[in-house]
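Chemist: I'd like to ask some things about the structure below.
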Amino acid sequence: MFEQNDHVRSEKFGVGHVLVADGQTVVVQFEHGIERCKNDDLVEVDSPQKSLRKEMWDVPLEVVTRFQAEAIRSVNDTWGVLSKSRIALLPHQLWVCRRVLEAWPARWLVADDVGLGKTIEAGLILWPLLSRENVNRLLIICPASLVDQWQARLRDMFDIRVALYVSEADTEKSDFWHTHPQVVASMQTLRKDSNERHDRMLESPPWDLILVDEAHHLNADEQGGPTLSYRFVEKIVEANQVKSMVFFTGTPHRGKNFGFLSLLKLLRPDLFDPKKPLHEQLPFLRQAMIRNNKQNVTDLKGKRLFFPPKVTSDTYTYSPVEDRFYEMLTEFIATGKAYASTLSSNDQRTAILVLIAMQKLASSSVAAIRRALKNRHDRIQSTREEHSKLLLSYEELERNNDLDELNRVEEQLAEKTVALSLMVDEEPRLAELIEAADAVQTETKIEKILSLLDERFSGRAVLFFTEYKATQSLLMSALIRKYGDGCVTFINGDRRADGVIGSDGKIKSITEDRETAASKFNSGDVQFLVSTEAAGEGIDLQNNSNTLIHVDLPWNPMRLHQRVGRLNRYGQTKQVEVMTLRNPSTVESRIWDKLNEKIDSIMQSMGNVMDEPEDLLELVLGMSSPSMFREVFAEASDVPPGSLSKWFDEKTARFGGEDVIDTVRDLVGHCSHFDLQAMSEKIPKIDLPALRQFFQAMLKLNSRNYEESEDGLSFKTPERWLGTPAIRRNYKKVIFDRTADKSIPSERILGVGHAIVDQAIRQARESSASVTVLAGSVLPNPMLVYRVVDKVTSRSS
9 MFEQNDHVRS EKFGVGHVLV ADGQTVVVQF EHGIERCKND DLVEVDSPQK
59 SLRKEMWDVP LEVVTRFQAE AIRSVNDTWG VLSKSRIALL PHQLWVCRRV
109 LEAWPARWLV ADDVGLGKTI EAGLILWPLL SRENVNRLLI ICPASLVDQW
159 QARLRDMFDI RVALYVSEAD TEKSDFWHTH PQVVASMQTL RKDSNERHDR
209 MLESPPWDLI LVDEAHHLNA DEQGGPTLSY RFVEKIVEAN QVKSMVFFTG
259 TPHRGKNFGF LSLLKLLRPD LFDPKKPLHE QLPFLRQAMI RNNKQNVTDL
309 KGKRLFFPPK VTSDTYTYSP VEDRFYEMLT EFIATGKAYA STLSSNDQRT
359 AILVLIAMQK LASSSVAAIR RALKNRHDRI QSTREEHSKL LLSYEELERN
409 NDLDELNRVE EQLAEKTVAL SLMVDEEPRL AELIEAADAV QTETKIEKIL
459 SLLDERFSGR AVLFFTEYKA TQSLLMSALI RKYGDGCVTF INGDRRADGV
509 IGSDGKIKSI TEDRETAASK FNSGDVQFLV STEAAGEGID LQNNSNTLIH
559 VDLPWNPMRL HQRVGRLNRY GQTKQVEVMT LRNPSTVESR IWDKLNEKID
609 SIMQSMGNVM DEPEDLLELV LGMSSPSMFR EVFAEASDVP PGSLSKWFDE
659 KTARFGGEDV IDTVRDLVGH CSHFDLQAMS EKIPKIDLPA LRQFFQAMLK
709 LNSRNYEESE DGLSFKTPER WLGTPAIRRN YKKVIFDRTA DKSIPSERIL
759 GVGHAIVDQA IRQARESSAS VTVLAGSVLP NPMLVYRVVD KVTSRSS
């Protein structure tokens, strides 16, 4: 029989102490909580007091390793510094982990600047939660283009295995949501309630944790209502199907307080209400929102890791045949706009969108607009597409900021909306334009890029960005012509580049998935990578390059910021150099001049009220309506040159106004953020090598010899640690070093989270050894070690 305060061990729950003993069962306080256990399921262990009274004290190594294991568990649960990861951890990442894990369950919006390592932060948060089983059911929701990346990075960096959600596997008979406790899924897929998917999700056990990447897509508008993505997550929250949530986004505020507060309400309905004024709720931000800026990020020694990119611009001029084509296209668009004014409201909007799409394609390259014109001309007699469906799709994608799909729809608008004529006698006018486009055999912009590669960027690995696939193929063909086959790869949403001309002069199609393309570019297997906006979010391209050339300029400065973020991110060792190209004779170029002047003015205004205003540009751009930028570029050609400045100022009056600057200042001032000066003394100055001595001692305790060499540690696994498929019988040349050469396989790197290290820690923590004696040369004074456990049992608003 057990008595109150007896120390006991349960095979299922670990070590605890008896609260109440009443016959056949015992109420025990374990670390995770209180359990009622059968007497037969418990074994009494000596308390430290009983151990002190024993004639023989415990084996020194057992006591020391137990204390070490508790310290390892404590420091890693708080900071994540000993987690298995190939990435060198930064102070702000460790702090985000600590902040989120301070109280559990947790609800946080992590709004770090782009490129600060959100996947690493997610992994650091997940490791202790998974290892101590606070989280068993995990759902990661992200854009479709990032699903594979999340799965791969969590596996490669942290050895966290999550199942990929596939609609075909989710049927009534398969019981997917019960049988897959840890899942990564596309938001575009989950938000659609296909084949009663949502009912099956809501009938499954609640999620311990849901992570949402690019959470700004969870948007709600005061007039237009919530997006499908918002409704989906809201449905899960309202059904009490989730305990903890962490949202990641670099642009939490999209220009409207209602949308921002609606996002926060999903996380903390006890604190935020979109129907109430923002200023009343700002004091609560520190409890729900984290934001760290690039310019404040340092290593543990306080050295800054990011610097503002060096942005330069160069110009080119059209050849006579290009001039002729663009003059004809300008006249075509002006005629189209005049014709559109005679149409009904809905048809007029559609026609204008088609003409705007043509303008954007033409600003990219003749090749881009030529492809669209030919496709439109070919189809104009044989098919009539539903223009209203494309219009709705365009507006929804623009609202959701789904960049790659938005560009795809723009191409479709120019090609497919043939049910609506753009003008009287459109077909012959298209034929004339196509003939003029065919006369352009060489595009001066592309030739300018080739000369810049010789003059400015010789021998460098260069990342190119363009909005459209035709321009992508055009530039790839030019690079192959100059540098030969194998010099370039590509990324786009289709994973296919058509119309590429090889070094043999033959036209071909090339297929490549974005992960392979990124790997080739990062490893130096190819010198150039030409990407569409498909790489604008969520992919790292900084390992081997610090040079970016904008082949075209999207009609939204936010896109430029996202493009640069592919290189100017954690792991970049050089200042990023960015080149833009413009033809100064075009209206578009003059608009960009004015837009850049305004952005400089905004930065100056913010510099007057806060440090490092460059960091806040992303927030300001994120608060600006994409339709405002589109209208500025699309309508500028209709404005007389002498009135352009006045018209531009009126059109962009709300962009970066005082209300925007005030909102940005309030958000940054009230949210939680890392402060190296305040936290430097608290962050543990240890890393994976600190585990080596403990691990070697555990091998000795299990009567296992080991071989130690410059290449690492080799040993035969103790029998006690075997029993799970993840643990091998023998290990060769394992190391405790996350900075090891990349050629060393990840499985050779040991840390908390590696199955065999976790087994060693588990064995040491389960030991009842608590009292021993050490030589005075080792321990000159007595030492008492306590383990203190606290728990948040309630949370007030």
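Add 8 to the 1-based position in the sequence shown for our numbering, that's all there is to it. Glycine residues also receive a C-beta, built at the ideal position from the N, C-alpha and C atoms.
Relative to the C-alpha of D49, which candidate in H40, Q12, V16, D164 has its C-alpha closest?
Modeler: The residue you call residue 49 lines up with position 41 of the sequence shown. That would be V16, whose Cα lies nearest to the Cα of D49.
Chemist: Could you tell me the boundaries of the beta strand (DSSP E) in which L117 lies?
Modeler: As a position in the sequence shown, residue 117 is number 109, starting the count at 1. 115-118 is the span of the beta strand (DSSP E), which, as asked, contains L117.
Chemist: On the DSSP letters alone, give me the boundaries of the beta strand (DSSP E) that N738 sits inside.
Modeler: Reading the sequence shown from its first residue, position 730 is the one you call residue 738. 738-742 is the span of the beta strand (DSSP E), which, as asked, contains N738.
Chemist: Out of I128, G630, R239, which one is the CA nearest neighbour of R199?
Modeler: Counted from its first residue, the sequence shown places residue 199 at position 191. For R199, the nearest C-alpha among the options comes from R239.
Chemist: On the three-pair Cβ rule with 8 Å, is the region 550-563 touching the region 586-598?
Modeler: With the cut-off at 8 Å, the region 550-563 and the region 586-598 touch.
Chemist: Going by other Cβ atoms of all chains shown within 10 Å of its Cβ, with 16 needed for buried, is S680 buried or exposed?
Modeler: Working through the sequence shown from its first residue, we reach residue 680 at position 672. With 16 or more Cβ atoms within 10 Å of its Cβ, S680 is classed as buried.
Chemist: Is any heavy atom in the ligand SAH found nearer than 7 Å to the beta carbon of V796?
Modeler: Among the components of this structure there are no ligands whatsoever, and the ligand SAH is therefore not found.
Chemist: Sorted by chain position, which residues of the same chain lie with C-beta nearer than 8 Å to R795's C-beta, five sequence neighbours on each side aside?
Modeler: Position 787 of the sequence shown holds residue 795. Excluding positions up to five away in sequence, the list reads E78, S82.
Chemist: Pull up the CB-CB distance for L483 and I457, whole angstroms please, since I reckon it's below 8 Å.
Modeler: Start at 1 with the first residue of the sequence shown, and residue 483 comes out as number 475. Start at 1 with the first residue of the sequence shown, and residue 457 comes out as number 449. The pair is a contact, with the Cβ atoms about 7 Å apart (cut-off 8 Å).
Chemist: Just how far apart, CA to CA, sit L421 and L428?
Modeler: For this step, residue 421 is matched to residue 413 along the sequence shown. For this step, residue 428 is matched to residue 420 along the sequence shown. Distance between the alpha carbons of L421 and L428: 11 Å.
Chemist: Helix, strand or coil, according to DSSP, for F280 in the structure here?
Modeler: Against the sequence shown, residue 280 aligns to sequence position 272. In this structure, F280 counts as coil in the three-state DSSP scheme.
Chemist: Apply the 10 Å Cβ neighbour rule to T581 and answer buried if 16 or more other Cβ atoms are within range, or exposed otherwise.
Modeler: Within the sequence shown, numbered from 1, the residue matching residue 581 stands at position 573. It counts as exposed.
Chemist: Using 8 Å as the threshold, is the C-beta distance between A777 and E19 below it?
Modeler: Your numbering for residue 777 matches position 769 in the sequence shown. Your numbering for residue 19 matches position 11 in the sequence shown. No; because the gap between Cβ atoms is not below 8 Å, this pair is not in contact.
Chemist: Please state whether DSSP places Y714 in a helix, a strand or coil.
Modeler: The residue given as residue 714 occupies position 706 in the sequence shown. Looking at Y714 - three-state DSSP - the assignment turns out to be strand.
Chemist: Report back the beta-carbon spacing between G310 and L684 to the nearest angstrom; my notes put them in contact at under 8 Å.
Modeler: Along the sequence shown, read from residue 1 onward, the residue named residue 310 stands at position 302. Along the sequence shown, read from residue 1 onward, the residue named residue 684 stands at position 676. Contact flag correct, Cβ pair sits at about 6 Å.
Chemist: Quick one: give me the first and last residue of the beta strand (DSSP E) that H25 is part of.
Modeler: What you label residue 25 is simply residue 17 of the sequence shown in a count that begins at 1. Taken as a continuous stretch (DSSP letters only), the beta strand (DSSP E) holding H25 covers 22-30.
Chemist: Per DSSP, what kind of secondary structure is E451 in: helix, strand or coil?
Modeler: The sequence position of residue 451 within the sequence shown is 443, counting from 1. The answer is coil: DSSP assigns E451 none of H, G, I, E or B.
Chemist: Drop a sphere of 10 angstroms on the beta-carbon of P788, count the other beta-carbons inside from all chains shown, and report buried for 16 or more, exposed for fewer.
Modeler: Locating residue 788 in the sequence shown gives position 780, where the first residue counts as 1. When all chains shown are included, P788 counts as exposed.
Chemist: Decide if the region 724-739 is in contact with the region 97-105; the criterion is three or more beta carbon pairs, one per stretch, under 8 Å apart.
Modeler: Judged by Cβ distances under 8 Å, the region 724-739 makes no contact with the region 97-105, as fewer than three pairs qualify.
Chemist: If we require 4 or more residues per run, which alpha helix (DSSP H) segments fall completely within the region 234-265?
Modeler: Correct list: 236-246.
Chemist: Ignoring anything shorter than 3 residues, give me the beta strand (DSSP E) runs that lie fully in the region 115-201, in order along the chain.
Modeler: Counting only runs of 3 or more, we get 115-118, 146-150, 190-194.
Chemist: Using a Cβ cut-off of 8 Å (strictly closer), state whether D749 contacts chain B.
Modeler: Of the protein chains in the structure, only one exists, and it is not chain B.
Chemist: By the three-class DSSP mapping on this structure, what secondary structure does E774 have?
Modeler: Position 766 of the sequence shown, counting from 1, holds the residue named residue 774. Helix, per DSSP.
Chemist: Short of 6 Å in beta carbon distance, which residues of its chain neighbour F75, apart from the five on each side in sequence? Order them along the chain.
Modeler: Taking the first residue of the sequence shown as position 1, residue 75 is located at position 67. Within the same chain, F75 has close Cβ partners V793.
Chemist: Specify the secondary structure class of L589 as computed by DSSP and reduced to three states.
Modeler: Here the question's residue 589 lines up with position 581 in the sequence shown. It is a strand residue.
Chemist: Can you tell which of I42, L60, M9 has its C-alpha closest to the C-alpha of V51?
Modeler: As a working mapping, residue 51 is identified with position 43 in the sequence shown. The residue with the shortest Cα to Cα distance from V51 is M9.
Chemist: Could you check where the alpha helix (DSSP H) with W103 kicks off and where it finishes?
Modeler: Looking up residue 103 in the sequence shown gives position 95. Its alpha helix (DSSP H) spans residues 99-109.
Chemist: Ordered along the chain, which non-local residues of its own chain (more than five positions away) have a Cβ less than 6 Å from that of Q196?
Modeler: The count along the sequence shown starts at 1 and reaches residue 196 at position 188. Cβ within range, chain order: A152.
Chemist: Quick one: what does DSSP say S553 is sitting in, helix, strand or coil?
Modeler: Position 545 of the sequence shown, counting from 1, holds the residue named residue 553. The answer is coil: DSSP assigns S553 none of H, G, I, E or B.
Chemist: Looking only at its chain, what residues have a beta carbon closer than 7 Å to the beta carbon of S212, apart from the 5 residues adjacent to it on each side?
Modeler: Locating residue 212 in the sequence shown gives position 204, where the first residue counts as 1. Hits under 7 Å: W185, H186.
Chemist: With respect to the beta strand (DSSP E) encompassing G720, which residues constitute its N-terminal and C-terminal limits?
Modeler: Within the sequence shown, the letter at position 712 stands for residue 720. Taken as a continuous stretch (DSSP letters only), the beta strand (DSSP E) holding G720 covers 720-724.
Chemist: Does DSSP put V628 in a helix, a strand or coil?
Modeler: The residue labelled residue 628 in the question sits at position 620 within the sequence shown. V628 falls in the helix class under three-state DSSP.
Chemist: Quick one: grab the DSSP three-state call for V474.
Modeler: Residue mapping note: residue 474 aligns to position 466 of the sequence shown, counting from 1. According to the sequence shown, residue 474 is Thr rather than Val. T474 falls in the coil class under three-state DSSP.
Chemist: For A444, name the three-state secondary structure that DSSP assigns.
Modeler: Taking the first residue of the sequence shown as position 1, residue 444 is located at position 436. Correct three-state label for A444: helix.
Chemist: Alpha carbon to alpha carbon, what distance is there between A114 and L659?
Modeler: Numbered from 1 along the sequence shown, position 651 holds the residue referred to as residue 659. Numbered from 1 along the sequence shown, position 106 holds the residue referred to as residue 114. In the sequence as presented, Leu is not what sits at residue 659; that position holds Lys. For K659 and A114, the distance between alpha carbons rounds to 43 Å.
Chemist: S539 lies in the beta strand (DSSP E); which residues open and close that run?
Modeler: For the purposes of this step, residue 539 is taken as the residue at position 531 of the sequence shown. 536-539 is the extent of the beta strand (DSSP E) around S539.
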